[in-house]
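Only one structure is covered here, and it is reproduced in the block below.
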Amino acid sequence: MATLEQVRAALAEVMDPELGRSIVDLGMVHDLALEDGRVTFTMALTTIQCPLRAQMQDDARARVLALEGIHDVDITLREMTAEEKQAISGQPTDQPHASQFNLIKQIIAVVSGKGGVGKSTTSALLALSLRRMGYEVGLLDADITGPSIPKMLLKNPPHPRGGPLGILPVTSGAGIKVMSINLLLEDPNQAVIWRGPLISGAIKQFYEDVHWGILDYLIVDLPPGTSDASLTVMQSIPLSGIVMVTTPQSLAGMVVRKASSMAAQLEIPILGLIENMSYAICPHCGETFEVFGPSNAEELAASLGAPLLGRLPIRPELATLADHGELETFAADDFDPIAEKLAALTNEGPAE
Ligand code: ADP
39 MATLEQVRAA
49 LAEVMDPELG
59 RSIVDLGMVH
69 DLALEDGRVT
79 FTMALTTIQC
89 PLRAQMQDDA
99 RARVLALEGI
109 HDVDITLREM
119 TAEEKQAISG
129 QPTDQPHASQ
139 FNLIKQIIAV
149 VSGKGGVGKS
159 TTSALLALSL
169 RRMGYEVGLL
179 DADITGPSIP
189 KMLLKNPPHP
199 RGGPLGILPV
209 TSGAGIKVMS
219 INLLLEDPNQ
229 AVIWRGPLIS
239 GAIKQFYEDV
249 HWGILDYLIV
259 DLPPGTSDAS
269 LTVMQSIPLS
279 GIVMVTTPQS
289 LAGMVVRKAS
299 SMAAQLEIPI
309 LGLIENMSYA
319 ICPHCGETFE
329 VFGPSNAEEL
339 AASLGAPLLG
349 RLPIRPELAT
359 LADHGELETF
369 AADDFDPIAE
379 KLAALTNEGP
389 AE
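Residue numbers (my numbering): 39 to 390.
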């Protein structure tokens with residue numbers, strides 16, 4: 039039968055992934071008790087909405103259950119007191135959110151009705167084209183359970199560092215500031231299986247606690263559909279507007295309408311529609327053909343009361359570059375006119 043000291047030693051192996059230190063060393067473990075093979079303790083978090091709390095809880099539970107004779111672990115969560123927070127950060131805790139130090143001119147959410155239509159690719163290309171036009175651009179991956187932005191843009195990305203004003207995003211080769219749950223996970227292949235409120239909390243933190251600095255555009259890659267997480271972004275981040283991504287199938291159009299009705303209810307303007315995988319181009323003769331049937335983008339845009347920003351063809355190299363973290367080498371000629379239209383709709387010019 040394991041002893042209390044062995045339980046404590048097992049917990050000392052659990053790291054806070056953000057702070058890179060043991061949860062025992064950080065003073066996060068309180069009221070540790072062991073009775074009849076049942077371990078109970080309280081875990082004090084720096085913020086109760088800590089996006090990594092499930093990961094730490096799971097890790098702690100697994101390590102303790104691996105000890106001889108332990109059959110049950112009961113963890114109570116609470117937020118650290120101001121004094122406890124100060125003790126680990128060495129800084130006063132009534133610090134304002136990083137967002138108060140950010141100056142973001144336009145925040146644009148990219149929305150799709152369903153997954154797989156190229157929403158993340160479109161978000162990344164939009165950020166890339168705007169960056170190439172000289173704008174300061176950030177890319178917030180709010181697709182918490184299916185984050186794909188870092189994989190497309192960054193090879194072997196570092197973990198985001200903590201700065202004096204908040205978490206610092208990782209900067210891509212082209213100079214896009216990127217933040218994603220994937221950058222915080224120890225193993226980027228790990229599945230994030232969180233429930234709605236936790237996901238919403240993480241997205242809020244990515245906006246409030248990240249020191250984005252001065253940006254012309256913050257592009258927010260939303261999860262597909264009209265989930266809790268999408269609602270959180272629309273309600274808690276001051277969006278300038280949303281861009282809808284669809285494909286030529288009528289079903290995709292139907293779900294886009296659903297997402298647009300959510301935007302309308304929240305009084306967020308729809309800046310425009312992008313039809314992805316609109317057509318293919320024969321590599322031999324250059325002829326174009328509509329793989330998914332004729333485009334209905336014009337009609338759909340008209341029914342949304344928003345402009346059609348453009349139609350993107352299927353570009354096989356796009357998928358390959360994205361898979362290898364090399365999307366920034368994509369020439370993006372197809373995409374530049376779309377970004378230019380969006381810039382004309384939303385901005386006066388790059389930041390000084
Ligand atoms: P979503 O974010 O809507 O789930 P993704 O952006 O992840 O979709 O795209 C789904 C897949 O389709 C990815 O493999 C991506 O590389 C590929 N893809 C997206 N747009 C195109 C395109 N225009 N041409 C070729 N492949 C594309």
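Positions of the beta carbon are idealized from the N, C-alpha and C atoms, including for glycine.
Residue from the options whose Cα sits closest to the Cα of residue i
i	options	result
alanine 50	Glu43, Gln273 and Ser60	Ser60
alanine 71	Thr84, Pro55 and Ile113	Ile113
aspartate 97	Gly107, Met81 and Thr85	Met81
glutamine 95	Glu313, Val62, Ile257 and Asp74	Val62
serine 298	Leu223, Ala357, Leu342 and Arg169	Leu342
isoleucine 237	Leu191, Leu221 and Val271	Val271
leucine 347	Gln138, Glu313 and Val52	Glu313
serine 268	Gly363, Ala180 and Ile257	Ala180
valine 294	Asn334, Val248 and Val216	Asn334
isoleucine 182	Leu222, Ile275 and Phe79	Leu222
phenylalanine 373	Met66, Leu168 and Pro89	Leu168
proline 345	Ile352, Pro351 and Glu337	Glu337
leucine 164	Leu350, Gly331 and Thr358	Leu350
glycine 65	Val52, Gly75, Phe244 and Glu73	Val52
threonine 6	Leu383, Pro354 and Asn385	What the structure shows of the chain is the stretch from 39 to 390, and residue 6 is not part of that stretch, so it cannot be assessed.
isoleucine 280	Pro307, His135, Gly263 and Val208	Pro307
leucine 253	Gly213, Ala229 and Glu224	Gly213
Simplified DSSP assignment, three categories, for residue i
i	result
glutamate 43	helix
valine 271	helix
isoleucine 214	coil
alanine 162	helix
aspartate 374	helix
glycine 263	coil
glutamate 328	coil
leucine 346	strand
isoleucine 126	helix
glycine 192	Strictly speaking, residue 192 in this sequence is leucine, with glycine absent from that position. In the structure shown, leucine 192 sits in coil (DSSP, three-state: anything other than H, G, I, E or B).
glycine 176	strand
aspartate 63	coil
leucine 90	coil
Counterpart residues of residue i in DSSP-defined beta bridges
i	result
alanine 71	Thr78
glutamine 144	Tyr255
threonine 284	Glu313
valine 293	Valine 293 is not bridged to any residue.
alanine 381	Alanine 381 pairs with nothing; no bridge assigned.
aspartate 112	Thr78
aspartate 54	Arg59
Close-in-space but distant-in-sequence residues of the same chain around residue i (CB under 7 Å, 5 per side omitted)
i	result
valine 111	Val77, Arg99, Val102 and Leu103
threonine 131	Because the pLDDT at threonine 131 is just 45, under 50, the model does not fix this residue reliably, and the value given afterwards should be weighed accordingly. So the qualifying residues of the chain are Ala120, Lys123 and Gln124.
alanine 40	Leu105, Glu106, Gly107 and Ile108
Close Cβ partners of residue i (< 6 Å) along its chain, the five nearest in sequence each way excluded
i	result
lysine 157	Val148, Ser150 and Val283
Cutoff 8 Å; reference residue i; Cβ partners in own chain excluding five residues on either side
i	result
leucine 256	Ile142, Gln144, Ile145, Ile146, Val175, Gly176, Leu177, Leu178 and Trp250
cysteine 320	Thr326 and Phe327
Neighbour flag for residue i against chain D, beta carbons, 9 Å
i	result
isoleucine 146	Of the protein chains in the structure, only one exists, and it is not chain D.
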